[in-house]
Structure formats: C-alpha cells, structure tokens
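Q: Have a look at the structure that comes next, please.
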Amino acid sequence: MKKSRWLRRALWLLLAVFTACVVGLALLPRLVSSGWARGLVEVLASSMVQRRVRLGGLSVTWGGELRLEALEIADAPPFSTAPLLSLRRLRLHVDPLALIRRRLDLDIALDGLDVRVIRAADGRTNVEAFLAGLPPRPPRATTGPLQLPFDQGKV
Numbered sequence: 013m014k015k016s017r018w019l020r021r022a023l024w025l026l027l028a029v030f031t032a033c034v035v036g037l038a039l040l041p042r043l044v045s046s047g048w049a050r051g052l053v054e055v056l057a058s059s060m061v062q063r064r065v066r067l068g069g070l071s072v073t074w075g076g077e078l079r080l081e082a083l084e085i086a087d088a089p090p091f092s093t094a095p096l097l098s099l100r101r102l103r104l105h106v107d108p109l110a111l112i113r114r115r116l117d118l119d120i121a122l123d124g125l126d127v128r129v130i131r132a133a134d135g136r137t138n139v140e141a142f143l144a145g146l147p148p149r150p151p152r153a154t155t156g157p158l159q160l161p162f163d164q165g166k167v
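Here the sequence shown is numbered in the numbering used here, starting from 13 and rising by one per residue.
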C-alpha cells in the first residue's frame with residue numbers, strides 16, 4: 013500500500029514537472045518578446061560595446077525568426093550626441109530544420125541602416141574609436157576552416 017502511494021506521488025510529480033516544462037516552452041517566445049527581455053538585452057549589449065544601446069522592440073517566433081526594432085548605438089561624446097549606428101529594423105531568420113541537419117541557414121534583412129562616420133581633428137574616426145573600445149575576443153580553437161557559402165544575397 014505504501015509503495016503504491018509513493019509511486020502515485022512520484023508520477024504526479026513527474027507529470028507536474030513535465031507540464032511546467034511544456035508550458036514554459038510554449039511561453040518562451042512571449043517571454044523573450046517582453047519589455048523585460050528587451051531591457052535585459054539593452055543592458056547586456058551596452059555592457060559589451062561600452063556604449064549606450066537602445067532597442068525599441070524585440071520579438072522571437074517559433075519559426076526561428078528574431079526581430080529587432082529601432083536599434084541605436086550611441087556615439088562617443090567627443091564626436092557627436094547623435095547615434096553612431098541606428099537601424100530601423102533587423103530580421104534574422106534561422107531555419108530550425110537545417111539546424112537538425114547540422115547546417116546553418118540564415119536569412120538576414122536590414123532596413124534603415126544609418127552609420128554616422130565622423131573624422132576628428134587628429135584623423136581618427138568615431139568608428140575606429142568604437143572598434144578600439146570593444147573588448148578583445150578570446151582565441152577560439154578551430155577544428156577546420158569555416159565555410160560560409162553565400163548562394164543568394166541582396167544589399
């Protein structure tokens with residue numbers, strides 16, 4: 013009798029955990045598309061590039077699509093108070109079925125890209141100053157050459 017009660021409780025617990033995982037996965041795109049996630053991305057991106065990053069919108073779909081709206085990266089004050097980079101919309105689509113086949117199929121669309129390049133009196137540009145301020149990338153081990161075939165592209 014005690015074994016069956018213990019087994020029944022264990023099955024109910026397993027069912028509850030499974031249900032929580034399914035509900036969590038179902039709500040994942042909505043959670044990532046929330047204002048909270050957008051704020052978190054802004055903070056993390058600002059920390060990475062050492063400049064203020066503003067993001068008007070962020071959305072993710074189950075179809076493998078990421079959309080960024082109204083992205084702005086601030087310029088260094090000595091150069092300008094206007095953004096160094098602004099982007100009206102970025103759409104990145106990853107084919108999830110290709111990932112299963114160990115292929116990375118990307119579709120990237122940029123709309124309204126504006127990069128302001130300003131040269132200071134000393135000859136340096138704001139883009140050079142921005143790139144110099146980025147943290148160095150750690151070396152990564154490679155197992156072979158990276159091959160990125162570009163079958164189709166638009167600029």
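Backbone N, C-alpha and C fix where the C-beta goes; we use that ideal spot for every residue, glycine too. All values derive from a computational prediction rather than experimental measurement.
Inspect the beta-carbon positions of residue 102 and residue 121 and report whether they are closer than 9 Å.
A: The answer is yes: Cβ separation under 9 Å.
Q: With DSSP as the reference, label residue 148 as helix, strand or coil.
A: Reduced to three states, the DSSP call for residue 148 is coil.
Q: Return the CA-CA distance between residue 75 and residue 110, expressed in angstroms with no decimal places.
A: Cα to Cα, the separation comes out at about 12 Å.
Q: Where does residue 108 fall in DSSP's three states?
A: It is helical.
Q: DSSP on residue 65, reduced to helix/strand/coil?
A: Strand, per DSSP.
Q: Please state if the CB of residue 123 and the CB of residue 98 are separated by a distance shorter than 9 Å.
A: Not closer than 9 Å, so no.
Q: Can you give me the C-alpha to C-alpha distance between residue 144 and residue 114, rounded to a whole angstrom?
A: In a straight line, the C-alpha of residue 144 is about 34 Å away from that of residue 114.
Q: Beta-carbon within less than 6 Å of residue 131's beta-carbon, same chain only, minus the 5 sequence neighbours each way: which residues are those?
A: Excluding sequence neighbours, residue 131 sits near 137.
Q: Between residue 91 and the rest of its own chain, which residues show a CB-CB distance below 6 Å, the 5 nearest in sequence each way excluded?
A: Within the same chain, residue 91 has close Cβ partners 130 and 138.
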